[in-house]
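Residue numbers (this note's numbering), protein chains in the order written: chain A, 3 to 310; chain B, 3 to 424. Below is one structure, written out as structure tokens; the observations come after it.
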């Protein structure tokens, strides 16, 4: 398939393809981190994860509308405020949901699956009633559109770079929070041994609520970032949920590092295969490889060893 | 909506004689009396098969998804059908009878569509059903329509390969849309090579099959053909492939949320469609979709369809004005919405030509029924139950509307089973 191209053309295509793989990687990391925190630390499978992302996207949509009407001079920077708002709103809703619903279901993992799935349906229909069934178009500042010209042939999309930066910052933030803060220490203690953690005076219910809120908040930021590359509609969240699960389960349910490694592996495999095969075929092969590896390592790539 | 339709929407009543006069029908008869109608033919003559027809009303069904993933697309069709029904009622109804509609929700679920169809035909005895959007829902409804001999008016452009005695297809079938579009790109833009890209299900695959055959016939080249799963949101790899293959035309039939991702990422990757290098020709992006994608992301793309909101003719001006008056100024009208609007009108003309509501009698008169007040201009029903219609090429602007840059001279003949294209 490479007949008749010069070496420099091929090199630049491969450079851009490498970049495509990396930006898919950062999208996966953004999607999966929130879910991984909740699933890994609490054992709750949040089927409404995609809907929390879309809540973040709608927050961005509303913020952009607000800035356009009232603060047009600051429009170029509204996106950062939108991300903060998305985080706060999703985290607040997450905490509320945890208090209303999730905490009553902690020892019944299948029930949380059903309950959060129901929640996702409720949220979708709520979006439909509030924002209408049609997708909304989120206006972005001009500087976020377009591409960054490296050489004549190599162009890197700015929004791809932007998503990458957000993904890395959030991954770093989560790492610091989990492994370098007192709160992170508490969370890890609860995960490893809940009765003992309670015995030394950790408020495990409070830790659970904060963890769930944090996971939902990160989903909100991811949703805000994805307004740059995807659609914002009542059921757009559904498009992300399968890939998100794949990444988290493949990485090993209780390991954040595993999530990142698996996001990298899956994104590279998929984007390379997409280039050489057709899109649907690439997806099929990626899934087959993942299924194969999970049969050999049912706990995922990096399973946390805990004494039960 | 209309004053005469909703009030009596679900009132049960005896077939044949409407003895209980509701407020709505009273209003209707006053209207009839004042508008000097021709004598209304008696019910037992125009309805011999037990349909829900009384001396002054007739019931029809509207069956679309107003919840679930398809609601985004189907709500425009519901609005258009209700508008047509309201206008028909204001102009005196059908055979002197006011139309009442019963609306059911298919809920984006194909078995539900079949179930609701059965309910509409068996329990409500409706005289016509305006509905369905996806091919999957139509296929689910089809056996029920044929079993109970109903008549469905189906608005979406679709892949063809179907011709049921119980369906009137008011949208275009694939050849009408595709052949004209490709011919235009070749003649007007000198296109030599094509890249076919679509979502992975029956409509894009069949469409691209037809496109590929046609491109082969013209002696030109297809340099890539590719499908992505529905809901796919990452198109960077295929964009790189397109940059590598340098086709003259990207022929796109990506649908749903994927559409938004695709065009945003094309734009971000530095592809400016206004430069036409490559030119992008789509058969799936109507004005409705542009609302979600954002006009600035699709500026300069071309679409091949039979209707654009910006069509400049008196019928369309009236239609757009009426639609906006009914549903608000910020509404946009896409190809399918217009096709849905045709359904009730075509049904009315058929009933009046046959002088009867009976399905078997109107089926005999369908061929040749014409509608010269159609927003798209003029349409006529072919004996294969599809419509003769013109195909247009529109170019997208940042405000989300299309400029019509070309239209076929003649009406395109519908050909659901194209020879040599299967």
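Ideal placement from N, C-alpha and C gives every residue a C-beta, glycine not left out.
- A straight line joining the alpha-carbon of residue 112 of chain A with that of residue 265 of chain B spans about 39 Å.
- For residue 66 of chain B, the three-state secondary structure derived from DSSP is strand.
- Residues of the segment 277-298 of chain B with a Cβ closer than 9 Å to any Cβ of chain A, in chain order: 290, 291, 292, 293, 294, 295, 296, 297, 298.
- Counting of Cβ neighbours within 10 angstroms places residue 419 of chain B among the exposed residues, the total staying below 16.
- Against chain B, a Cβ distance below 8 Å from residue 240 of chain A picks out 71, 233.
- Annotation: Cβ neighbours of residue 285 of chain A in chain B (cutoff 7 Å, chain order): 231.
- For residue 100 of chain B, the uninterrupted beta strand (DSSP E) segment begins and ends at 100-107.
- Note on residue 325 of chain B: 16 or more other CB atoms within 10 angstroms of its CB, so buried under the neighbour-count rule.
- Taking 8 Å as the CB threshold, residue 301 of chain B stays off the interface with chain A.
- Rounded to whole angstroms, residue 198 of chain A and residue 220 of chain A show a C-alpha spacing of 29 Å.
- Under DSSP, residue 383 of chain B takes part in a beta bridge, and its partners are B/389.
- Think of a sphere of 9 Å around the beta carbon of residue 225 of chain A: no beta carbon from chain B falls inside it, the nearest being about 12 Å out.
- Non-local C-beta neighbours of residue 144 of chain A in its own chain, meaning closer than 8 Å and more than five positions away in sequence, comprise 78, ordered along the chain.
- The continuous beta strand (DSSP E) containing residue 159 of chain A extends over residues 157-159.
- Along the length of the segment 192-243 of chain B, whole beta strand (DSSP E) runs at least 3 residues long occupy 195-201, 223-230, reported in chain order.
- Within the model, the alpha-carbon separation for residue 106 of chain A versus residue 98 of chain A is close to 13 Å.
- For the pair residue 182 of chain B and residue 414 of chain B, the CB atoms are nearer than the 8 Å cut-off.
- Separation of the CB atoms of residue 162 of chain B and residue 148 of chain B is rounded to 18 Å, and the pair is thereby denied contact status at 8 Å.
- At least one beta carbon of chain A lies nearer than 8 Å to the beta carbon of residue 202 of chain B.
- Between residue 90 of chain B and chain A, the shortest Cβ-Cβ separation is not below 8 Å.
- Counting of Cβ neighbours within 10 angstroms places residue 132 of chain A among the exposed residues, the total staying below 16.
- One alpha carbon belongs to residue 149 of chain A, the other to residue 116 of chain B, and they sit about 48 Å apart.
- With 16 or more other Cβ atoms from the protein chains shown falling within 10 Å of its own Cβ, residue 250 of chain B counts as buried.
- Around residue 182 of chain A, no beta-carbon contact reaches into chain B at under 8 Å, the shortest distance being about 33 Å.
- In the three-state scheme derived from DSSP, where H, G and I count as helix and E and B as strand, residue 273 of chain A is classed as helix.
- Comparing C-alpha distances from residue 264 of chain A to each of A/300, A/252, A/71 shows the shortest one belongs to A/252.
- Taken in chain order, the complete alpha helix (DSSP H) segments of 4 residues or longer contained in the segment 314-359 of chain B are 316-329, 337-356.
- Rounded to the nearest whole angstrom, the C-alpha separation of residue 316 of chain B and residue 136 of chain A is 28 Å.
- Of the other Cβ atoms in all chains shown, 16 or more fall within 10 Å of the Cβ of residue 171 of chain B; this residue is therefore buried.
- For residue 299 of chain A, the closest Cβ of chain B is not nearer than 8 Å.
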